[in-house]
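Presented below is the structure to which this report refers.
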Amino acid sequence: MKKLSVNHLLGIKYLKEQDIHSIFETAIHFKEVINRPIKKVPSLRDITIANLFFENSTRTKLSFELAEKRLSADVINFSASKSSVSKGETLIDTVNNILAMKVDVVVMRHPNPGAALFLSQNVDACIINAGDGTHEHPSQALLDIFSIKEELGDINGKRIAIVGDILHSRVALSNIFALKMLGAEVRLCGPKSLIPKHIHSLGVTVSTDLMKTLKWCDAVNMLRVQNERMDLNYFPSNREYSQLYGLNLKKLESIKKEIVILHPGPINRGVEITSDVADSKNSIILDQVENGLAIRMAIIYLLVAKLNIPQV
Amino acid sequence: MSSKILLSSKKIDIILNRLACQLIEKYPDFNQVVLVGLQPRGIFLLDRLVTLLENDYALGKVISGKLDITFFRDDFRRFDKTLSASSSQMEVVIEGKSVVIIDDVLFTGRSIRAALTSLDNYGRPLDIQLLVLIDRRFSRHLPIQPDFIGAQVDALEGDKVRVQWKDQKQNDAVFIEKK
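As they're listed, the protein sequences go chains A and B.
Residues -15 to 296 (the working numbering) make up the first sequence, in order.
Residues 46 to 224 (the working numbering) make up the second sequence, in order.
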């Protein structure tokens, strides 16, 4: 297998199509590993990984931490609220202090777009972007598409819809880049206020009609409404949003075709998706979580394969 | 690079039959034996031995598995390429059983060390033995020796011993390729 073309995972837009295939191929084998009685391999026993989370996270942080532990890496965790960042330390100072402890890989989530890129240019470590503001969330996109691929086979020519708060979504942007790279047709759907201007330039179509979009697609990714990033009202009420853009069983049954339903989590049950749909047979939300672990193991494994072994 | 035939198809056939007989001689109760072929190349030898034991020696169903050791190797990050994994098919119970690790060529012994570590994940076998088609003598990096040997070869460090199976190419053969 060829090595990855990149030394860091900053975003999907920096990857080549072959990199995505390598990650998927490796993830298949790691999925088998995490279903064994003993779910651990010793590949990264000489590697130390720092998880720096400057923004809240539950599943991404747990998933990365577990992936690192399943690969036998040593793991240190850092969250901004309990750190010297609150005393005024800069990002580079914080990270360089951590790297002085001989850390090989940094997994970082940060509220500012471009934080991962900035870090990769200023510190000497392999950087994995676990979400940078409203910019990219590459590992989420890779696990979403890996999960779709398990259900639908080859992504080329498939119709994938992304519904909801596109404006504030790093998941949407990473998904668009990756899906287009693999040859899928992508349609975005949501209220006009939550769809960025000029998004057409990425080669996607836009619709404001959920029913038409559902009838068109093979798989739909229902995004969360990110209230915490909204500094003003983008739609009148959750009730109205739910009526127009929320997915419920009645809408799903009325399209009279089987589609795959994804959600990156955490779910606002009753807003973008109802419980009966989230827990239905069409939903692969829990598969996404399992695949997330395998994908993150593959990402870390392939990036660490590019690190030089220190000469003694 | 020059290539020379070490073992012909006929000789390999004799060796496979001998190895099958040695296994039967060693293990009177084959229900307590698990044959484990190492991915990617040991599985061809495994398949041939299983076919021989089940058909020619009428042993009934032979318990076997295929084990990938990529993530257990100690030479990760020491190649220009990333090591490609293969799939493990180990839907077998090895707890309390006699395991025979099967590979085509034994060289440094590092693959076998990785296999021993990997097998820990599936249980605690009664004992583990090693069967190889080719034993490259005097080249071991670790104190690992085979219990069942097809043929022994003395080759220089830079030489390559390549096993070809008729399942992939037209006939069985073992080659030595010199630089």
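Each residue gets a CB set at the ideal place from its N, CA and C atoms; glycine is no exception.
None of these values were measured; they are calculated from a predicted model.
If you measure from the beta carbon of residue i to each beta carbon in chain A, is any gap under 8 Å?
{"i": "N166 (chain B)", "result": "yes"}
{"i": "T153 (chain B)", "result": "no"}
{"i": "T162 (chain B)", "result": "yes"}
Spell out the partners DSSP gives residue i in its beta bridges.
{"i": "D180 (chain B)", "result": "B:L151, B:Q197"}
{"i": "T32 (chain A)", "result": "A:D58"}
{"i": "V219 (chain B)", "result": "B:L52, B:V208"}
{"i": "E169 (chain A)", "result": "A:R143"}
{"i": "I301 (chain A)", "result": "Nothing can be reported for residue 301 (chain A), as the shown portion of chain A is limited to -15 through 296."}
{"i": "N113 (chain A)", "result": "A:M92"}
{"i": "T189 (chain A)", "result": "A:R171"}
{"i": "F37 (chain A)", "result": "A:S63, A:R93"}
{"i": "M206 (chain A)", "result": "A:V147"}
{"i": "D192 (chain B)", "result": "Looking at the DSSP assignment, D192 (chain B) forms no beta bridge with any residue, so it has no partner."}
{"i": "L175 (chain B)", "result": "B:I146"}
{"i": "G110 (chain B)", "result": "B:V81"}
{"i": "S267 (chain A)", "result": "A:I245"}
{"i": "S47 (chain B)", "result": "B:K223"}
Indicate whether at least one CB of chain B lies closer than 8 Å to the CB of residue i.
{"i": "L286 (chain A)", "result": "yes"}
{"i": "K0 (chain A)", "result": "no"}
{"i": "K(-14) (chain A)", "result": "yes"}
{"i": "I293 (chain A)", "result": "yes"}
{"i": "A315 (chain A)", "result": "Any property of residue 315 (chain A) remains undetermined from this structure, which presents chain A solely from -15 to 296."}
{"i": "H13 (chain A)", "result": "yes"}
{"i": "T299 (chain A)", "result": "The structure shown has nothing for residue 299 (chain A), since chain A only spans -15 to 296."}
Just tell me which of the options has its CA closest to the CA of residue i.
{"i": "N166 (chain B)", "options": "A:K15, A:N232, A:V288, A:R20", "result": "A:R20"}
{"i": "A114 (chain A)", "options": "A:Q105, A:L127, A:N106", "result": "A:L127"}
{"i": "V91 (chain A)", "options": "A:N292, A:I283, A:I293, A:L291", "result": "A:I283"}
{"i": "L61 (chain B)", "options": "B:K111, B:L161, B:E202, B:F89", "result": "B:F89"}
{"i": "A130 (chain B)", "options": "A:A162, A:F14, A:I160", "result": "A:F14"}
{"i": "P73 (chain B)", "options": "B:T127, B:Y102, B:E140, B:D119", "result": "B:Y102"}
{"i": "S109 (chain B)", "options": "B:V95, B:F117, B:S163", "result": "B:V95"}
{"i": "N61 (chain A)", "options": "A:I12, A:D149, A:P175, A:V89", "result": "A:V89"}
{"i": "E9 (chain A)", "options": "B:V144, B:T127, B:V206", "result": "B:T127"}
{"i": "F130 (chain A)", "options": "A:N275, A:F102, A:R280, A:I293", "result": "A:N275"}
{"i": "F116 (chain B)", "options": "A:F38, A:A11, A:T42", "result": "A:A11"}
{"i": "L68 (chain B)", "options": "B:D204, B:Q174, B:V137, B:K111", "result": "B:Q174"}
{"i": "I146 (chain B)", "options": "B:N76, B:D172, B:K211", "result": "B:D172"}
{"i": "D215 (chain A)", "options": "A:T32, A:G174, A:L178", "result": "A:L178"}
{"i": "V81 (chain B)", "options": "B:L112, B:N100, B:L64, B:F75", "result": "B:L112"}
{"i": "L(-7) (chain A)", "options": "A:M85, A:L103, A:L236", "result": "A:L103"}
{"i": "I150 (chain A)", "options": "A:A99, A:I111, A:S259, A:H119", "result": "A:H119"}
{"i": "G254 (chain A)", "options": "A:A278, A:Q227, A:R213, A:Q272", "result": "A:Q227"}
{"i": "M165 (chain A)", "options": "A:N211, A:I139, A:R93, A:E224", "result": "A:I139"}
{"i": "V209 (chain A)", "options": "A:R93, A:V147, A:V59", "result": "A:V147"}
{"i": "A156 (chain A)", "options": "A:V188, A:A100, A:K234", "result": "A:V188"}
{"i": "K45 (chain A)", "options": "A:L55, A:S63, A:A57", "result": "A:S63"}
{"i": "H184 (chain A)", "options": "A:D263, A:M206, A:I160", "result": "A:I160"}
{"i": "L75 (chain A)", "options": "A:A84, A:A99, A:L277", "result": "A:A99"}
{"i": "Q213 (chain B)", "options": "B:P170, B:T162, B:R86", "result": "B:R86"}
Would you mind giving the Cβ-Cβ distance between residue i and residue j, rounded to the nearest angstrom? I have them listed as a contact below 8 Å.
{"i": "K49 (chain B)", "j": "F183 (chain B)", "result": "Rounded, the Cβ-Cβ distance is 19 Å, inconsistent with contact."}
{"i": "I243 (chain A)", "j": "A289 (chain A)", "result": "Not really, about 37 Å apart at Cβ, beyond 8 Å."}
{"i": "S27 (chain A)", "j": "F121 (chain B)", "result": "5 Å"}
{"i": "N222 (chain A)", "j": "I245 (chain A)", "result": "In fact, because the Cβ distance is near 20 Å, the residues do not count as touching under 8 Å."}
{"i": "L83 (chain B)", "j": "D148 (chain B)", "result": "5 Å"}
{"i": "L151 (chain B)", "j": "I157 (chain B)", "result": "7 Å"}
{"i": "C173 (chain A)", "j": "S191 (chain A)", "result": "5 Å"}
{"i": "R123 (chain B)", "j": "T153 (chain B)", "result": "Not confirmed; about 12 Å, so no contact."}
Residue i CB to nearest chain E CB: under 8 Å?
{"i": "V255 (chain A)", "result": "Absent from the structure: chain E. Protein chains present are A and B."}
Taking 7 Å as the cut-off, is the C-beta of residue i nearer than that to any heavy atom in the ligand SAH?
{"i": "I139 (chain A)", "result": "Of ligands this structure carries none, so the ligand SAH is not represented either."}
### Task
Please name the residues in the stretch 117 to 132 of chain B whose beta-carbon is closer than 9 Å to at least one beta-carbon of chain A, in chain order.
F117, R118, D119, F121, R122, R123, F124, D125, K126, T127, L128, S129, A130, S131, S132
### Task
With 7 Å as the C-beta to C-beta threshold (strictly closer), list the residues of the stretch 16 to 38 of chain A near chain B in chain order.
E16, V17, R20, P21, I22, V25, P26, S27
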